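Notes follow once the structure below has been shown.
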Amino acid sequence: MCDTCECSDPKQGFTISSPKENGNQIKVEEKEGHSHGHGHGHGNEHSHGHAETIELGTTVLNQNKLVAERNRGYFQAKNIRAFNLVSSPGSGKTTLLEVLIKASDTKNGIYVIEGDQQTLNDAQRIENAGAAAIQINTGNGCHLDAEMVNQAVKSLAPAENSLLFIENVGNLVCPALFDLGERSRIVIVSVTEGDDKPLKYPNMFETSQLCIISKTDLLPYVSFNVQQFKENALRINHHLDFLEVSATKKLGLAEVLKWISV
Ligand SMILES: Nc1nc2c(ncn2[C@@H]2O[C@H](COP(=O)(O)OP(=O)(O)OP(=O)(O)O)[C@@H](O)[C@H]2O)c(=O)[nH]1
Ligand SMILES: [Mg+2]
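So the number in this note's numbering is just where the residue sits in the sequence shown, counting from 1, plus 5.
Dropping the structure here:
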């Protein structure tokens with residue numbers, strides 16, 4: 006748990022908006038007790054800071070797990086295949102979703118929950134590509150949690166037997182800790198990021214089932230050793246599957262569609 010940026014502060018608010026509503030917020034979640042004051046006036050408060058942080062972190066993750074299991078049960082009951090897309094910012098998550106939606110013959114059965122700190126840009130891009138989307142803006146938060154997804158699913162109302170992609174906030178650290186109730190977690194790494202990423206951010210690779218290596222059209226221009234990258238990732242998680250894609254060249258899309266359909 007990240008205990009410095011307060012990303013898991015349960016008092017933190019988030020907003021859910023639909024691009025169809027011209028950006029009007031359709032849900033604002035202001036958690037009770039939101040306060041901008043941080044413990045002034047008690048001399049011994051800071052001496053217990055570390056213990057309090059651990060207690061809060063455990064509670065937050067346990068509560069998240071409960072809601073994640075509720076989400077997972079709902080998805081299973083409706084036969085909704087939900088995938089949590091995690092990566093650093095700009096790895097190509099939205100671009101990949103855009104081309105997958107266009108390449109899929111079941112685009113009506115694809116739904117997307119977009120997570121970003123600010124803007125409706127990605128949800129708008131997904132709607133333009135032909136799938137229904139909803140945007141969660143996390144404000145200062147650097148990950149989605151199960152409660153945000155629960156609320157977003159109520160607004161998005163994905164159909165039975167559909168595909169649901171959840172594009173997490175671009176961040177290779179905190180989203181690793183938060184189960185959203187997904188069927189599988191997919192970590193996306195672009196070849197411009199370096200082949201040492203699995204060793205530097207092991208939690209994300211340990212908790213994912215599929216690793217997509219993106220922007221492979223750029224391989225001739227960057228020093229990224231695909232074999233070395235895979236070996237590094239397999240040292241962290243030897244069950245990990247790999248697929249290589251170039252969204253701009255539309256390479257590897259059929260393999261991704263096949264993986265998510267199995
Ligand atoms: N060369 C190349 N560029 C790509 C590819 N996929 C995405 N890009 C570019 O990478 C940049 C980021 O793409 P996005 O799809 O917005 O990345 P993202 O992961 O959704 O970004 P965030 O949501 O901000 O984390 C854009 O300029 C894309 O055009 C690809 O396959 N090849
Ligand atoms: Mg995006």
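We treat Cβ as the ideally placed atom computed from N, Cα and C, and that holds for glycine.
Since this is a predicted model, take the numbers as computed values, not measurements.
| Item | Value |
| --- | --- |
| Ser193 vs Ser96 beta-carbon contact at 7 Å | A small correction: the amino acid at residue 193 is Ile; Ser does not occupy that position in the sequence shown. Cβ atoms of Ile193 and Ser96: closer than 7 Å. |
| heavy atom of ligand 2 below 6 Å from Thr197 C-beta | no |
| Unbroken stretches of the beta strand (DSSP E), 3 residues or longer, contained in the stretch 104–159 | 115–121, 137–142 |
| Cα-Cα separation, Leu224 to Val174 | 25 Å |
| Per DSSP, cross-strand counterpart(s) of Asn89 | Ile171, Arg190 |
| Residues sharing a beta bridge with Thr20, DSSP | Val33, Asn142 |
| Ser251 CB to nearest heavy atom of ligand 1 below 6 Å | yes |
| Test item: CB-CB of Cys216 and Leu245 under 7 Å | yes |
| Any non-hydrogen atom of ligand 1 within 6 Å of Ser96 CB | yes |
| Contact test: Thr99 Cβ vs ligand 3 heavy atom, cutoff 6 Å | What this structure holds is ligand 1 and ligand 2, not ligand 3. |
| Closest Cα partner of Glu34 within the set Phe170, Pro203, Gly146, Ser251 | Gly146 |
| DSSP three-state assignment for Glu249, whether helix, strand or coil | strand |
| C-alpha gap between Val270 and Val65, whole angstroms | The question about residue 270 has no answer, for the chain in this structure spans 6 to 267. |
| Ser219 - DSSP class collapsed to helix/strand/coil | strand |
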